[in-house]
Each structure stands twice: as C-alpha cells, then as structure tokens.
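Scroll down for the structure; my scribbles are underneath it.
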Amino acid sequence: MPHESLDIYKRLLAYTKPYTSKIVLSLVCSLVVGGSTALSALIVKTVVDEIFMNKDHVMLFYIPFVVMGLVGLKGLASFGQVYSIEYVGQRVIFHLRDELYRHLQTLSMNFFAHNQSGTLVSRITNDVNLLQTAAATIIAEAIRHGFTTIALLAVVFYRHWKLAL
Numbered sequence: 001m002p003h004e005s006l007d008i009y010k011r012l013l014a015y016t017k018p019y020t021s022k023i024v025l026s027l028v029c030s031l032v033v034g035g036s037t038a039l040s041a042l043i044v045k046t047v048v049d050e051i052f053m054n055k056d057h058v059m060l061f062y063i064p065f066v067v068m069g070l071v072g073l074k075g076l077a078s079f080g081q082v083y084s085i086e087y088v089g090q091r092v093i094f095h096l097r098d099e100l101y102r103h104l105q106t107l108s109m110n111f112f113a114h115n116q117s118g119t120l121v122s123r124i125t126n127d128v129n130l131l132q133t134a135a136a137t138i139i140a141e142a143i144r145h146g147f148t149t150i151a152l153l154a155v156v157f158y159r160h161w162k163l164a165l
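Taking UniProt numbering, the leading residue of the sequence shown gets 1, the next gets one more, and so forth.
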C-alpha cells in the first residue's frame, strides 16, 4: 500500500475515534453472525443423525425451533452490525462535509473564479459519498465474511480435521 494511501486511512480513522463503542458493537455483531452460521452448519449433522437415522421424533419437534432461533439471532446481529457501522459512516461523513464546508468558507474569491462551481459541487457530494461507501459497506462486509469464514473453518476442523486438510 502506498504511503499516501496509508496517510489517508490514518486521517479517516481519526474521525471514527468518538464512535469506538459503535465499532465494537459492530464487531461483536459480526462475531455473532459468524457464530450462528457455524452453529447452523453444526446442526446439520444432528438433524441427519438424530432425525433421519435414529427416527427421534422429539428432536424433530425441537430442531425447527432451534433453526428459527438461530436465523432470528443471525438476522438481529446482522441488522445490529449494519446499523452500527452505517451510523458511524454517516457521522464521519457529516463531520467530513462540515469540515469541508468550513474550509470552503475560508477560501478566497479568486479560488472560486478559477474553479467551476459544478466541479466543486460534484467533488463535495460524490467524493464524500464514495468515502462513506468504502468506509462503511466494504469494510463491514469484509469483517462479517471474514468472521463467518473463520467460524466455518473451525466447524470443518472440529468435524473431521483430516478431511479439512
């Protein structure tokens, strides 16, 4: 990663410091999503062994409730993760725009005479929105899918470590 990109990320990271609790909540929710996905994979063996092989009717009654509970938990955790990271993203964008508008107010009239207003408006709206998309959505999805992948790999190694290798 070029040194300039690293500097940009450090500057953007400074804007997120007031929202550390929301970021931690998002990470916890991502862990819950990954864990519930892994538990769903673990339940498959129980369903096949107990219900289909052993004809256990009691498990046939309980497993759908467990699956619905896991799906509900995963949905709530996914909502919490997306909501909290989007909240942080929107607040960071608000502060970036506010800082940008304050800076524009201090510029000389000569600056505005040499720069087209359409270009300035486009840069203000589109570039900042692009930052928000990159900061919130892409990072959140990468974290969630990373935790899910790790949890599913743990299930694979738990089930049969030789087959996993």
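Each residue gets a CB set at the ideal place from its N, CA and C atoms; glycine is no exception.
Just so we're clear, the structure is a prediction, and the values are computed from it rather than from any experiment.
Using 9 Å as the threshold, is the C-beta distance between residue i and residue j below it?
{"i": "Tyr19", "j": "Val128", "result": "no"}
{"i": "Met59", "j": "Val47", "result": "yes"}
{"i": "Leu104", "j": "Leu120", "result": "yes"}
{"i": "Gln90", "j": "Gln132", "result": "yes"}
{"i": "Leu100", "j": "Ile139", "result": "no"}
{"i": "Ile70", "j": "Leu39", "result": "It is worth fixing the name first, because residue 70 is Leu in this sequence and not Ile. It is a contact, given that the beta carbons lie within the stated cut-off."}
{"i": "Arg144", "j": "Ser78", "result": "yes"}
Does any CB atom of chain C fall closer than 9 Å to the CB of residue i?
{"i": "Asn126", "result": "Chain labels in this structure do not include chain C; a single protein chain is all it has."}
Check your understanding: Given 8 Å as the limit, is there contact between the stretch 71–89 and the stretch 33–41, that is, 3 or more CB pairs closer than that?
Key -> Yes: the two stretches touch, three or more of their Cβ pairs being nearer than 8 Å.
Point to revise | alpha helix (DSSP H) runs wholly inside the UniProt domain "ABC transmembrane type-1" (24–165), at least 4 long, in chain order | key: The alpha helix (DSSP H) runs of length 4 or more contained entirely in the UniProt domain "ABC transmembrane type-1" (24–165) are, from start to end of the chain, 57–106, 109–114, 117–122, 128–132, 139–159, 161–164.
Review point. Is the stretch 17–29 touching the stretch 82–100, taking contact as three or more C-beta pairs under 8 Å?
Key: Taking one beta carbon from each stretch, the stretch 17–29 and the stretch 82–100 have 3 or more pairs nearer than 8 Å; the two touch.
Review point. Can you find at least 3 beta carbon pairs, one from the stretch 63–70 and one from the stretch 43–54, that sit closer than 8 Å?
Key: With a cut-off of 8 Å, the stretch 43–54 and the stretch 63–70 count as touching, because enough Cβ pairs lie within range.
Review point. For the 8 Å Cβ check, are there 3 or more pairs between the stretch 13–20 and the stretch 91–109?
Key: Taking a cut-off of 8 Å on C-beta distances, the stretch 13–20 touches the stretch 91–109, as three or more cross pairs fall below it.
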